[in-house]
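Chains as they are written, first to last, in the numbering used here: chain A, 42 to 289; chain B, 42 to 289.
Note that CB positions come from ideal geometry on N, CA and C, so glycine has one too.
There are 2 protein chains.
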Amino acid sequence: MATIKTPARASALHFERPLVTVDVVIFTVIEQQLKVLLVHRPETASDPFPGSLALPGGFIDVAVDASLHDCALRKLGEKTGLEAPYLEQLGSWGSATRDPRGWSATHVYFALVPAPEDTDATASATSQWLEVGTALRTHLAFDHSEILAGAVERLRAKVEYTSLPAFLLPEPFTLPQLQRTYEVVLGRPMDKSAFRKRMLDAQFLAEEGAIAGDAGRSAMGYRIRDRERAAVFPRTFRSVEGPSLASS
Amino acid sequence: MATIKTPARASALHFERPLVTVDVVIFTVIEQQLKVLLVHRPETASDPFPGSLALPGGFIDVAVDASLHDCALRKLGEKTGLEAPYLEQLGSWGSATRDPRGWSATHVYFALVPAPEDTDATASATSQWLEVGTALRTHLAFDHSEILAGAVERLRAKVEYTSLPAFLLPEPFTLPQLQRTYEVVLGRPMDKSAFRKRMLDAQFLAEEGAIAGDAGRSAMGYRIRDRERAAVFPRTFRSVEGPSLASS
DNA sequence: CAAATAGTGTCTTTAAGACACTATGCC
DNA sequence: GGCATAGTGTCTTAAAGACACTATTTG
Numbered sequence: 042m043a044t045i046k047t048p049a050r051a052s053a054l055h056f057e058r059p060l061v062t063v064d065v066v067i068f069t070v071i072e073q074q075l076k077v078l079l080v081h082r083p084e085t086a087s088d089p090f091p092g093s094l095a096l097p098g099g100f101i102d103v104a105v106d107a108s109l110h111d112c113a114l115r116k117l118g119e120k121t122g123l124e125a126p127y128l129e130q131l132g133s134w135g136s137a138t139r140d141p142r143g144w145s146a147t148h149v150y151f152a153l154v155p156a157p158e159d160t161d162a163t164a165s166a167t168s169q170w171l172e173v174g175t176a177l178r179t180h181l182a183f184d185h186s187e188i189l190a191g192a193v194e195r196l197r198a199k200v201e202y203t204s205l206p207a208f209l210l211p212e213p214f215t216l217p218q219l220q221r222t223y224e225v226v227l228g229r230p231m232d233k234s235a236f237r238k239r240m241l242d243a244q245f246l247a248e249e250g251a252i253a254g255d256a257g258r259s260a261m262g263y264r265i266r267d268r269e270r271a272a273v274f275p276r277t278f279r280s281v282e283g284p285s286l287a288s289s
Numbered sequence: 042m043a044t045i046k047t048p049a050r051a052s053a054l055h056f057e058r059p060l061v062t063v064d065v066v067i068f069t070v071i072e073q074q075l076k077v078l079l080v081h082r083p084e085t086a087s088d089p090f091p092g093s094l095a096l097p098g099g100f101i102d103v104a105v106d107a108s109l110h111d112c113a114l115r116k117l118g119e120k121t122g123l124e125a126p127y128l129e130q131l132g133s134w135g136s137a138t139r140d141p142r143g144w145s146a147t148h149v150y151f152a153l154v155p156a157p158e159d160t161d162a163t164a165s166a167t168s169q170w171l172e173v174g175t176a177l178r179t180h181l182a183f184d185h186s187e188i189l190a191g192a193v194e195r196l197r198a199k200v201e202y203t204s205l206p207a208f209l210l211p212e213p214f215t216l217p218q219l220q221r222t223y224e225v226v227l228g229r230p231m232d233k234s235a236f237r238k239r240m241l242d243a244q245f246l247a248e249e250g251a252i253a254g255d256a257g258r259s260a261m262g263y264r265i266r267d268r269e270r271a272a273v274f275p276r277t278f279r280s281v282e283g284p285s286l287a288s289s
């Protein structure tokens, strides 16, 4: 960093700084649909994209936010009241033209949260849960449509080989519920037997007593063993694992 | 973005802006070792971390760089003279404390380049290729050690299921050369037969005449079909492919 | 022909997919 | 018992791994 060539301004840092924001793509599943939380931008004409739908986010507050991650957590908490969701950095988007107010860069996170008990509490006058397909067909403020497309692509890609959908469910949940969540996110049906073998072999679930459904047999409830990280299913070029230790 | 609550500063943008930089982790393979390009920071006492090793990078020039990606390409060109390498965004690191000059955020890219013809042309008084293991054990400026660790982790993870190592070789290359590159990056030997089946089945290589080696039988040379993207090898939850079209 | 390296064939193993089957709870 | 849903078993298939074999080039 900071290879400044003009001696006059060396380490003076007097050049123009871009605007810096953090945006969060918050996913959940409500009524068997993958949804994303969007906010209405203020109608004030002095703000860019007045009234448009946008991802929740905003400027970094250098006095409040210790880090980018903390800033994303703060914004997530402000919108959903949730404290410890699955939160992962998606990437950053920055250019001279994405914000009419000047050169700007945004750091984007994506979060997976269980469906809120009361949908209306999170969906208010200024924010709402939109079905992802609908959201993708909507013109969002700034380059947020492109960012949302990137987030959906990343989510779908990772769902193919990780336990991410488990973070979209309230605990405890059953394997059939988890399977339906996978199917909703990926948009295709999955085989029950293969699905169960895979989930149980991956060792990321802890049993938690039976749960009765609306009809039929009741099912085993599960919790996520480690909410800090998602499980990764076996893939190509077997990465030399084997049982941690052989006896003696 | 920009949900500003204090009416007084609404869209005034008068709050403090963080420093914004772009850093690039440039990998190559030289003499059967995975290397990363590092630069010496200036000895000027007014600069942070004088004399330390650091990742190449620097402040965004809002007058010159159209986007983050362009900025990364510019910095890569300045250091290596290369124009069209494999370049992918790694993520961003930002906090109040990572730079003594103030709240700063850096956008990090990682690049894969073929070994330079003349190593000394890129390794100069201010920059040098360091073996990755050595670099990881070195204290780098800022949080660059952490960033480098993240880049190596991402590279190794993706090498398990993509054709990324092909971008570390000058074209045309042979399958045995490619296999050695995989082995160098992953630090473990691979089976020849399985390796070749996989590479050829993935359809990302184009034949380009035989190449004679130092000894023994000569081998088929290959080029990357599409330098814009890496091939992804088959993974879990078979993503419904099948041959593009059945006859008739 | 020997040494060295490139390339192939065959069998095993792992995990996914298809699909039929059994088990349990509620009316 | 009948329906609905949970959960299991068995066979097939795709692709990785082990490893022995053949092929081509140089000296």
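Query, Result
"Chain B contact for A/H1 (CB, 8 angstroms cutoff)", "Given a span of 42 to 289 for chain A in the structure shown, any question on residue 1 of chain A remains unanswerable."
"Which listed residue (A/F274, A/A137, A/A182) has its alpha carbon closest to that of A/A198", "A/F274"
"Test: A/P217 CB closer than 8 angstroms to a CB of chain B", "no"
"Length of the line joining the Cα atoms of B/A156 and B/V70", "6 angstroms"
"Neighbour-count burial assignment, A/S87, 16 or more Cβ in a 10 Å radius", "exposed"
"Contact the stretch 92-103 of chain B vs the stretch 132-146 of chain B: 3+ CB pairs below 8 angstroms", "no"
"Check whether B/A89 and B/D64 have beta carbons under 8 angstroms apart", "Correcting the residue identity first, residue 89 of chain B is Pro in this sequence and not Ala. No, the Cβ-Cβ distance between B/P89 and B/D64 is not below 8 angstroms."
"Cβ of B/P91 within 8 angstroms of any chain A Cβ", "no"
"Partner residues on chain B for A/R142, Cβ-Cβ distance less than 7 angstroms", "L54"
"B/L205, DSSP secondary structure in three states", "helix"
"Option in A/Q73, A/L171, A/R264, A/A95 with minimal Cα separation from A/A247", "A/R264"
"B/R58 at chain A interface by Cβ criterion, 8 angstroms", "yes"
"Inter-stretch contact at 8 angstroms, needing at least 3 Cβ pairs: the stretch 146-156 of chain A / the stretch 182-201 of chain A", "yes"
"Exposure label - A/R139; buried when at least 16 CB within 10 Å", "buried"
"Where the stretch 103-116 of chain B meets chain A: residues whose CB sits under 7 angstroms from a CB there", "V103, A107, S108, L109"
"Contact set between the stretch 262-280 of chain A and chain B, restricted to residues whose Cβ is under 7 angstroms from the partner", "F274, P275, R276, T277, F278, S280"
"Assigned exposure category for A/P48 - 16 Cβ within 10 Å defines buried", "At A/P48 the pLDDT is 41, less than 50, meaning the model places this residue with poor confidence and gives no usable figure here."
"B/S136 vs A/A107 beta-carbon contact at 8 angstroms", "yes"
"Any chain A beta carbon closer than 8 angstroms to B/I67", "no"
"Assigned exposure category for B/P126 - 16 Cβ within 10 Å defines buried", "buried"
"Residue-chain proximity (B/Y202, chain A), Cβ-Cβ < 8 angstroms", "yes"
"Helix, strand or coil at A/R115 according to DSSP, with G and I counted as helix", "helix"
"Assumed close pair A/G143, A/L205 - CB separation to whole angstroms, cut-off 8 angstroms", "Not a contact, Cβ separation roughly 36 angstroms."
"Contacts of A/A176 in chain B (Cβ-Cβ under 9 angstroms)", "Ordered by position in chain B, no residue passes the 9 angstroms Cβ test against A/A176, which lies about 17 angstroms from the chain."
"Per DSSP, cross-strand counterpart(s) of B/W134", "B/T147"
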